[in-house]
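Those sequence lines, one after another, are chains P, W, S and D. Per our numbering, the first sequence starts with residue 3, numbered consecutively. Per our numbering, the second sequence starts with residue 3, numbered consecutively. Per our numbering, the third sequence starts with residue 3, numbered consecutively. Per our numbering, the fourth sequence starts with residue 3, numbered consecutively. Where is the CB? At the ideal position from N, CA and C, for every residue including glycine. Note that the structure is predicted; figures quoted are calculated from it, not measured. Shown next, in structure tokens, is the structure this report addresses.
Protein chains: 4
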Amino acid sequence: MLFSTTFAKRTPSPLGGRPGRGFLLFIMTAIILVHCPDQPGIVARVTEFIHSNRGNIISLEQHVDRSVNRFFMRLKWDLDNFMIPRDRISDYFRTLIAAPYRMTFDLYFPETRPRMAIFVSKMSHCLYDMLSRWESGDWQVDIPLIISNHPDMQPIAGRFGIPFHCLPVTRENKAEQEARQVELLQEAGTDFIVLARYMQVLSTGFLLQYPNRVINIHHSFLPAFAGAKPYHAAYERGVKIIGATSHYVTGELDAGPIIEQDVIRVSHRDSLDTFIRKGKDLEKIVLSRGVFLHIQRKLLAYGNRTVVFG
Amino acid sequence: MLFSTTFAKRTPSPLGGRPGRGFLLFIMTAIILVHCPDQPGIVARVTEFIHSNRGNIISLEQHVDRSVNRFFMRLKWDLDNFMIPRDRISDYFRTLIAAPYRMTFDLYFPETRPRMAIFVSKMSHCLYDMLSRWESGDWQVDIPLIISNHPDMQPIAGRFGIPFHCLPVTRENKAEQEARQVELLQEAGTDFIVLARYMQVLSTGFLLQYPNRVINIHHSFLPAFAGAKPYHAAYERGVKIIGATSHYVTGELDAGPIIEQDVIRVSHRDSLDTFIRKGKDLEKIVLSRGVFLHIQRKLLAYGNRTVVFG
Amino acid sequence: MLFSTTFAKRTPSPLGGRPGRGFLLFIMTAIILVHCPDQPGIVARVTEFIHSNRGNIISLEQHVDRSVNRFFMRLKWDLDNFMIPRDRISDYFRTLIAAPYRMTFDLYFPETRPRMAIFVSKMSHCLYDMLSRWESGDWQVDIPLIISNHPDMQPIAGRFGIPFHCLPVTRENKAEQEARQVELLQEAGTDFIVLARYMQVLSTGFLLQYPNRVINIHHSFLPAFAGAKPYHAAYERGVKIIGATSHYVTGELDAGPIIEQDVIRVSHRDSLDTFIRKGKDLEKIVLSRGVFLHIQRKLLAYGNRTVVFG
Amino acid sequence: MLFSTTFAKRTPSPLGGRPGRGFLLFIMTAIILVHCPDQPGIVARVTEFIHSNRGNIISLEQHVDRSVNRFFMRLKWDLDNFMIPRDRISDYFRTLIAAPYRMTFDLYFPETRPRMAIFVSKMSHCLYDMLSRWESGDWQVDIPLIISNHPDMQPIAGRFGIPFHCLPVTRENKAEQEARQVELLQEAGTDFIVLARYMQVLSTGFLLQYPNRVINIHHSFLPAFAGAKPYHAAYERGVKIIGATSHYVTGELDAGPIIEQDVIRVSHRDSLDTFIRKGKDLEKIVLSRGVFLHIQRKLLAYGNRTVVFG
């Protein structure tokens, strides 16, 4: 069973985080994310399905994108008295609801902690920001491994007891190293990947294995200053505000669905150095917000946009 | 019928706003705002009611406040093929849904423009901000009258063709002037009142006639600096950010349900004068955002809080 | 003499603004904005010049841009006991300070109200925002004329008693109409021009006559979404924040020195319509902030950047 | 000599931070922060003092608070060719400038790293935020000790190689434990103290030894929600924005000079739990910004306000 397996594999939380919280309260819930062509009656049909099977809806959020006439919904319900067994819910939902409405859906059990891999290069600010959230128990996630193209972050990984793999990437060995990365990710049962200022571009082949499951932080307010050295470009342009953007990674550089953005004021008194310093604060917060939304299963990417449920 | 009456009374929009837009497109819709004790099945029951009567849900947003175990919902649907006549919807809904669920509800037809009175004293910034939105057609609202305790704003009202009533208020004549205000408001068919930096406190007796229908702008980040001279107090305290708050007015000064807040940075370089100047920009934007939410029927006040639907 | 002429021509402020304030208090001050190659001793030399001539410094702000090794300063001082007559200050400063330090400078007497022309097309939000600030006396500026390529805003200009010139621009008559615009601007003694959502591109020839004296509002967070239809582009890209930018206009479209920017959050719940509506609030505030900085002589453009004094 | 002593005591930076940077570049500079009654000629006199002794001014920022008629200045200059020896600058400045102008001043040599103690209780988010900045070399500061009333953070201190002292505080032993704290702080040569969510109130006696040298983070937008449980109070009040405030600690609870504030939006969808979670991000960023300003000697507290130099 997926649930117990995942719990069994759980990375120990070194500082007394609260990984076992789910066990203690043991309120079992399910979350479903759906999208389909809009048509009358979807909400009524889905809520009736939950209700008539004795599920109690905890939260429901729906959205219709009129520009493409598409319906989106996130629904969370209590499984306590739900008549359909956990491992059959997906089948029943597919047959009874998804098929007739031509619906795409993902079903999650939030008590099951997702498994997140971190890719990092030489900078520690995003890494520490995520590890400290995890360690304190604020993030219900497992972190089975950290991969880097440089050895610099190894001591930090070590302190948190997380396996660290240094795989230096050159033009020549890139394909080979990516194959090794995929192998490590699969062995670790990785659900999604966070690029915490990882300074290598992943190949399209790699990305196709993790669609909408690789989250990157770009250090600009996209689409402004895509590509390399965005702070330099922003400084040259004389902007009065700089930003950061977390997004799902696609084959097109810095062009994937945007998850979260934020900005901070700069002025003529700022130098390139202070752009970079102020930007680092943005980067870590904007990345962590994006990752936390993903962990909570509040993100739904469609086309090049995201629906961010509240 | 309320609907045709309101259209007939519509204040002419002097600069080619779009008051008649509703007639042209003539998509008739209904909005219902409800709240009740939370219990299983509410969403399923309400959506089934709409759907089975051939209404098409345009948007649905629900919220449960776990701290008081209360359910809130805003639902908008298309009346095009709806089988229940407009003027019977309220009755049917009350009988079939609201009664069994002990639900409080308000039903609106958004093509009916609400009628808004403005109270103002000597400052024009909030007044202009609202009148220019109305004139351009951005706000689907009628403004049948402006009331002031000073004559200063009369020329502005005149330019926009809106009746202006100057009712100076003293300690002695306050009850009498409020009675005159209520008379004028009732004659004009006023739905709600906006205090656009109106420098008089309304009596509890007055406010009871317009529960959650009087919107004020307070020039501080409430609950900081409630009462008189908030910019002076903020300057004295040496804050680094100042704010403004739009809220429904209750009998307790500056303590009603908050609708919207926003802030702006200040520094040691700011004087009291620049606090006031920067604050005026906040005031007008925060008030207009709050009023626009009310016009769109996106606000639901419960206890001392508001649910602000998206 | 420029000073008395400008006062004589002053546009009357229809609602009791405070145009005569300078006369009443009659604290005469001067502001000088300078920039030059950085070198030791500039501040000491300039402040000694003011002090030894019995000027009292009210504020001094200096900045060195290390990336180009250039010194910038804004200095305001009291002329009360200043030994050099007003109309000789420029000469003396040039000879004694500016020449030896290879300094570029502008000298202003802030009691002299600058004369601002507004260019507008069909939208009123920026126009009202500026006119209401002017009318209330918050802006110490004269507005001798409004120019438009459409007649729509004429009634608003009329209400504020400001001459309105409708000069429709086509590809064929553009040069001719620009010549007429320049003629009107010169007759009115225009110091600077504000493009309040004016939907025509001004020619380089026109702009050369008003270097760093034409302020535009662009409805995006530049350099993202330069050019036409930025809200459409932002909506398509799925951004989570939209912005507006006020900047000096140069021959290169949307690429001039940025004065001020601000942003507001959007979400998947926003449509193109609500992008536009939220954006209008940004546009008017960001434009007015930029214009006010210019009126206060707090802006110094150098290369493609601005120094914004506090 | 203070300079070499401090360098000798420097805490080693475990992950390759850049503590020795000053030695490598060896650009020796001085910073002076001054305030005095405003009067003509101060800037001219001070800049002439620096210039005539062959100091090159790197940056100068002055401010006059008109409400109390007081002059403030921060001046940084290059000591390379400065004719007055480092250890005599203070004497000369006092005699020649400070005395005649009744000036209060502080002289710093920024290549000397200040020594910062951290007080913490059970939460790690602010602690990690500061330690990661220090470790990466972004903060030029030494951290000789961490003091806590609980043992929970000891492992984190250990990983960063920083001495950790657990001094549980009860009503009975408070005076005794504070005496022990002061002893430890003095032994460590502590320049200033950061309360990183330290949940004990320091006595006035303690604070008098560190005037404007104890920085606290309060988890509200002061002066709103001073005292205990600010998130609970904010949630009860139904605010739409929450904040955090870093400030110097004085004998009056949460009433000391404010250094920095920031805010984040909340909505009816937020619970008390999400207020706390969102607030933690604010707390760590607002505290770290305040501490960094202090480390850079950019803060000057006067009365109950701070001047924050740019």
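Item, Value
"Contact the stretch 282-297 of chain S vs the stretch 75-92 of chain P: 3+ CB pairs below 8 Å", "no"
"Cβ-Cβ distance between D/E248 and D/Y200 below 7 Å", "The displayed chain sequence assigns Ser, not Glu, to residue 248 of chain D. No, they are not a contact pair."
"Beta strand (DSSP E) runs wholly inside the stretch 187-250 of chain W, at least 3 long, in chain order", "194-198, 216-220 and 243-250"
"Three-way DSSP call (helix, strand, coil) for D/S273 in this model", "coil"
"Three-state secondary structure (DSSP) of S/R307", "strand"
"Start-to-end residues for the beta strand (DSSP E) that takes in P/D80", "R72 to D80"
"C-beta contact flag for S/D264 and S/L284 at 7 Å", "yes"
"Beta carbon proximity, W/N306 to chain D, threshold 7 Å", "yes"
"Cβ contact check for the stretch 29-40 of chain W and the stretch 68-80 of chain W: 3 or more pairs under 8 Å", "yes"
"Contacting positions in the stretch 117-128 of chain D - beta carbon closer than 8 Å to chain P", "M125, S126 and H127"
"Within-7 Å CB hit, P/Y130 to chain D", "yes"
"7 Å Cβ cutoff, S/T49 in contact with chain D", "yes"
"Rounded C-alpha distance that separates W/F25 from W/G139", "Unreliable placement is indicated for W/F25, whose pLDDT of 44 sits below 50; the coordinate value is still reported in the next sentence. W/F25 and W/G139: Cα-Cα distance of roughly 14 Å."
"Three CB pairs or more closer than 8 Å across the stretch 218-226 of chain S and the stretch 174-185 of chain S", "no"
"Whether S/V45 touches D/L169 by CB criterion (7 Å)", "no"
"First through last residue of the beta strand (DSSP E) which encompasses S/I260", "I260 to R267"
"Neighbour-count burial assignment, P/E347, 16 or more Cβ in a 10 Å radius", "Any answer about residue 347 of chain P is impossible in this case: the structure gives chain P only from 3 up to 312."
"Proximity below 7 Å, CB of D/I149 to CB of D/F107", "no"
"Given D/I266 as reference, the closest of D/G258, D/L255 and D/R279 once Cα atoms are compared", "D/R279"
"Closest Cα partner of S/N319 within the set S/T192, S/W141, S/L197 and S/R117", "Coverage of chain S is limited to positions 3 through 312, which leaves residue 319 of chain S absent and any answer about it impossible."
"Buried/exposed call for D/V70, threshold 16 Cβ in 10 Å", "exposed"
"Where the alpha helix (DSSP H) through P/S92 begins and ends", "I91 to F95"
"Which residues DSSP lists as bridging P/R161, in chain order", "None, per the DSSP bridge assignment."
"Range covered by the alpha helix (DSSP H) that runs through S/T49", "I44 to S54"
"Closer than 7 Å to chain W by CB, P/I244", "no"
"Best match in D/L302, D/F111 and D/S205 for proximity to D/G253 [C-alpha to C-alpha]", "D/S205"
"Partner residues on chain D for W/V241, Cβ-Cβ distance less than 8 Å", "L224, P225, I260 and Q263"
"Endpoints, the alpha helix (DSSP H) within which S/L133 is located", "H127 to E137"
"Three-state secondary structure assigned by DSSP to D/Q64", "strand"
"Alpha-carbon to alpha-carbon, D/L133 and D/F166", "13 Å"
"Near the ligand NAD: D/A236 beta-carbon under 6 Å from a heavy atom", "This structure lacks the ligand NAD, and indeed carries no ligand of any kind."
"Test: W/I145 CB closer than 7 Å to a CB of chain S", "no"
"Closer than 7 Å at the beta carbon, the chain W residues around P/N58", "P42"
"Environment of P/P87 [buried if 16+ CB atoms lie within 10 Å]", "exposed"
"Among S/N175, S/H127, S/D154 and S/R115, the one whose alpha carbon lies nearest that of S/P146", "S/R115"
"For S/A32, the residue or residues it bridges with in DSSP", "S/W79"
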